[in-house]
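What follows is a single structure, written as structure tokens, with notes after it.
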Amino acid sequence: MMTTETAATKPRKALPSMSVLGPVIALLVLILVGTALNSNFLSAANITNVLARSAFIGIIAVGMTFVITAGGLDLSVGSMAAFIAGLMILVMNAALPVLGVGIPIILLGMVVALVAGIAAGLLNGFLITTLGIEAFIVTLGSMGIYRSLVTWLADGGTLSLDFGLRTFYRPVYFGGLFGISWPIIIFALTVIVGEVLMSRARFGRHCAAIGSNENVAHYSNVNVNRTRLLTYAMLGMLVGVATIMYVPRLGSASASTGVLWELEAIAAVIIGGTILKGGFGRVWGTVIGVLILSMIDNILNLTDLVSPYLNGAIQGVIIILAVILQREAKAKG
Amino acid sequence: MSYMKTLMAGCTVLALSAGGALAQDTKVIGVSIPAATHGWAGGMNFHAQQTVERLEEVYPGLDFVLATASDPGKQVNDIEDMVATRNIDALVVLPFESDPLTPPVQAVAESGAWVTVVDRGLSVEGIEDLYVAGDNPGFGRVSGEYMVSQMPEGGKIVVLRGIPTTIDNERVAGFEAAIEGSGIEIIDMEHGNWNRDDSFNVMQDFLSKHEQIDAVWASDDDMAVGVLAAIDAAGRDDVDFVLGGAGMKEMIKRVMDGDEMIPADVTYPPSMIATAIELTAVGLTSNAPVSGTFTIGSVLITSENAEQFYYPDSPF
Numbered sequence: 001m002m003t004t005e006t007a008a009t010k011p012r013k014a015l016p017s018m019s020v021l022g023p024v025i026a027l028l029v030l031i032l033v034g035t036a037l038n039s040n041f042l043s044a045a046n047i048t049n050v051l052a053r054s055a056f057i058g059i060i061a062v063g064m065t066f067v068i069t070a071g072g073l074d075l076s077v078g079s080m081a082a083f084i085a086g087l088m089i090l091v092m093n094a095a096l097p098v099l100g101v102g103i104p105i106i107l108l109g110m111v112v113a114l115v116a117g118i119a120a121g122l123l124n125g126f127l128i129t130t131l132g133i134e135a136f137i138v139t140l141g142s143m144g145i146y147r148s149l150v151t152w153l154a155d156g157g158t159l160s161l162d163f164g165l166r167t168f169y170r171p172v173y174f175g176g177l178f179g180i181s182w183p184i185i186i187f188a189l190t191v192i193v194g195e196v197l198m199s200r201a202r203f204g205r206h207c208a209a210i211g212s213n214e215n216v217a218h219y220s221n222v223n224v225n226r227t228r229l230l231t232y233a234m235l236g237m238l239v240g241v242a243t244i245m246y247v248p249r250l251g252s253a254s255a256s257t258g259v260l261w262e263l264e265a266i267a268a269v270i271i272g273g274t275i276l277k278g279g280f281g282r283v284w285g286t287v288i289g290v291l292i293l294s295m296i297d298n299i300l301n302l303t304d305l306v307s308p309y310l311n312g313a314i315q316g317v318i319i320i321l322a323v324i325l326q327r328e329a330k331a332k333g
Numbered sequence: 001m002s003y004m005k006t007l008m009a010g011c012t013v014l015a016l017s018a019g020g021a022l023a024q025d026t027k028v029i030g031v032s033i034p035a036a037t038h039g040w041a042g043g044m045n046f047h048a049q050q051t052v053e054r055l056e057e058v059y060p061g062l063d064f065v066l067a068t069a070s071d072p073g074k075q076v077n078d079i080e081d082m083v084a085t086r087n088i089d090a091l092v093v094l095p096f097e098s099d100p101l102t103p104p105v106q107a108v109a110e111s112g113a114w115v116t117v118v119d120r121g122l123s124v125e126g127i128e129d130l131y132v133a134g135d136n137p138g139f140g141r142v143s144g145e146y147m148v149s150q151m152p153e154g155g156k157i158v159v160l161r162g163i164p165t166t167i168d169n170e171r172v173a174g175f176e177a178a179i180e181g182s183g184i185e186i187i188d189m190e191h192g193n194w195n196r197d198d199s200f201n202v203m204q205d206f207l208s209k210h211e212q213i214d215a216v217w218a219s220d221d222d223m224a225v226g227v228l229a230a231i232d233a234a235g236r237d238d239v240d241f242v243l244g245g246a247g248m249k250e251m252i253k254r255v256m257d258g259d260e261m262i263p264a265d266v267t268y269p270p271s272m273i274a275t276a277i278e279l280t281a282v283g284l285t286s287n288a289p290v291s292g293t294f295t296i297g298s299v300l301i302t303s304e305n306a307e308q309f310y311y312p313d314s315p316f
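Chains A and B, in that order, are what the protein sequence lines are. Counting from 1, position 177 in the first sequence corresponds to residue 177 in UniProt numbering; the numbering is continuous, with no gaps. Counting from 1, position 71 in the second sequence corresponds to residue 71 in UniProt numbering; the numbering is continuous, with no gaps.
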């Protein structure tokens, strides 16, 4: 594990290694293919679409990068997002007669989402760190719990935000600043903060140290449990942030909300060069991973080259190729 | 909740059978359905629960076991449990998938119990006593005929398909047959998986790809929600209307209110589970013959008849 770290940091002065270039090359190839197949691919509208829809998974994946770097895993984020979305809608609908349509009720919804996210993350983290249960098992359990809770809240159907409220809240997904929509701005901010935390702050180094070797980190005076707990709480909060922007898009939540988001987020993190076993993480790589995933979908929709039945297969091949590119480089370097 | 219900029902029966020969006349109907993982299934769960509650009062001699399964494997277990521990006299089953459910349901039929199959048929014919079927080719045909009636001069449409299954294939085949030769051209087709978010993404991409789209066959009301949001966000006014399907209450409401984007809907009622449970109860308690096939047709809903299909209490 130490070798990967040195391999990743050493060649920075010389030519960047393939582990850095791999995902970037994959993304560039995809962009070229997309442009060649459809002239609308690089249009502002399409780029906005792709970036805005990447934002949900992207924001969650940034949090997931820290969890995985610290040697953890969280399978519950997709269900958690669905549950928080459902909760947010219920609370906002319930508060509507009191608060009326306006900014206070939107803020209330946002606070609910953030608090619920942090609480859900802390609960996962508490069970994993303090009680010492495998992260896989804890989050597999909470994944089922949140999925059932949202189905129960919705009575098996769909929870919908009050129509007037939805119209008022809509700009949070569709509006923006200087022509850049809010999800993209929030996504970018999350990435910048995440990148700084990971590569320049003590927190990021502690995460990597714990993921590398828990015991050594412990003897080096790193508070292992607290750092781990923080990674889960941060991921929970980011799930809340993603939900805040998910709800205004369609104004509804159901049992089918956020299905498989956890796997997409984990896949994006790994494509981006973070090591699944922990010990090394790269936030900007995660962003590339997220973009690769949503761009594949976009390109497949924009072209008629492949039968839609094969979409999943194409996605699988590209994911594996993107990771192979890095592997080979590592073997050589 | 279904677990609780099953447990409670189980306890009641245990208590009854412990009470002695009194319980002899009580017949047990097992109902096994997929869990509420999307809108339509949610509506189906709602109607199943309602029907079971109502029939338990109407027929004191009948007892119901309701189990919801999140995957085919779980459904097989449910059915095996029902036979082993509850000794069911009849089984009402909406199979998750045809192939994996065929052998266990066949075993139930061979044990002498009455079998009612709903919506999806089994892979082997002649197992069930009663088949309450939705009409998938008809669903596609009615949708296609409506499109033709609305676009007499033809036009360009895009189609959103469901999860790749036989159901989806039959619907699309029925639709394609109905629009053949009408001048309506399907310029694109992708799977939206009966999911709002997926269909939103697919529709956004269709709008980037095609400059002129005259109408959309969303083929499902959940997908229609995503499609409408995408059209709205793109600010495009070339799309004249969106045709969904299934009969979600919000969509029926829009048809009722004369919304121009949603001028009609085509039913594929989740309440067909209620038909199946009712008919099974009738069959067990009376001499009325109920065996055979009962096909529930897909009906076109327009602003004139929408009121009959509007159930504000249903979650779907």
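Note that the Cβ used here is the ideal one computed from N, Cα and C, for glycine as well.
Residue environment, residue i, which counts as buried when at least 16 other CB atoms sit within 10 Å
i: A/Leu28; result: exposed
i: A/Tyr232; result: buried
i: B/Leu22; result: Here B/Leu22 scores only 42 on pLDDT, less than 50, and its place in the model should not be relied on; the value that follows carries that caveat. So B/Leu22 counts as exposed.
i: A/Phe178; result: exposed
i: A/Val317; result: exposed
i: residue 350 of chain A; result: In this structure chain A extends from 1 to 333, so residue 350 of chain A is not present and cannot be described.
i: A/Tyr219; result: exposed
i: B/Asp313; result: exposed
Pair within 7 Å by beta-carbon distance, residue i and residue j
i: B/Val225; j: B/Met203; result: no
i: A/Tyr146; j: A/Phe83; result: yes
i: B/Met68; j: B/Val92; result: Note on identity: in this sequence residue 68 of chain B is Thr, with Met being the wrong assignment. Against a cut-off of 7 Å, the Cβ pair of B/Val92 and B/Thr68 comes out as no contact.
i: A/Thr190; j: A/Ile59; result: yes
i: A/Asn225; j: A/Thr303; result: no
i: B/Leu94; j: B/Val118; result: yes
i: B/Ser219; j: B/Gly245; result: yes
i: B/Val132; j: B/Met272; result: yes
i: B/Ile252; j: B/Phe316; result: no
i: A/Leu80; j: A/Gly109; result: Rather than Leu, the amino acid found at residue 80 of chain A in this sequence is Met. Result no, Cβ atoms of A/Met80 and A/Gly109 do not sit closer than 7 Å.
i: B/Asn195; j: A/Ser256; result: yes
i: B/Leu279; j: B/Ala90; result: no
i: B/Gly134; j: B/Tyr311; result: no
Backbone CA spacing between residue i and residue j [nearest angstrom]
i: residue 398 of chain B; j: B/Gly292; result: What the structure shows of chain B is the stretch from 1 to 316, and residue 398 of chain B is not part of that stretch, so it cannot be assessed.
i: B/Thr37; j: A/Ala188; result: 33 Å
i: A/Ile185; j: B/Arg254; result: 34 Å
i: A/Ile118; j: A/Gly86; result: 16 Å
i: A/Leu159; j: A/Ala217; result: 45 Å
i: A/Gly100; j: A/Ala154; result: 23 Å
i: B/Gly154; j: B/Asn305; result: 26 Å
i: B/Ala173; j: A/Phe168; result: 41 Å
i: A/Asn311; j: A/Asn46; result: 19 Å
i: A/Glu5; j: A/Ser199; result: With a pLDDT of only 47 at A/Glu5, under 50, the local geometry of the prediction cannot be trusted, and no value is derived from it.
i: A/Val115; j: A/Ile244; result: 12 Å
i: B/Asn87; j: B/Val65; result: 11 Å
i: A/Asn221; j: A/Pro23; result: 35 Å
i: A/Gly125; j: A/Leu229; result: 5 Å
i: A/Pro183; j: A/Val193; result: 15 Å
i: A/Ile314; j: A/Gly34; result: 14 Å
i: B/Val216; j: B/Ile187; result: 10 Å
i: B/Pro270; j: B/Pro34; result: 12 Å
i: A/Leu73; j: A/Gly236; result: 12 Å
Backbone secondary structure at residue i - three-state DSSP
i: B/Lys74; result: helix
i: B/Val115; result: strand
i: B/Pro315; result: coil
i: B/Ile147; result: For clarity, residue 147 of chain B is Met in the given sequence; the question names Ile instead. In the structure shown, B/Met147 sits in a helix (DSSP, three-state: H, G or I).
i: B/Thr165; result: coil
i: B/Leu22; result: Only weak support is given to the placement of B/Leu22: the predicted model assigns it a pLDDT of 42, under 50, and the value that follows is read from those uncertain coordinates. Of the three classes helix, strand and coil, the one that applies to B/Leu22 here is helix, per DSSP.
i: A/Met234; result: helix
i: B/Leu160; result: strand
i: B/Tyr310; result: coil
i: A/Ile319; result: helix
i: A/Gly176; result: strand
i: B/Ile231; result: helix
i: B/Val172; result: helix
i: A/Thr158; result: strand
Cβ-heavy atom distance, residue i to the ligand ADP, below 6 Å
i: B/Ala281; result: You won't find the ligand ADP in this model; it holds no ligand whatsoever.
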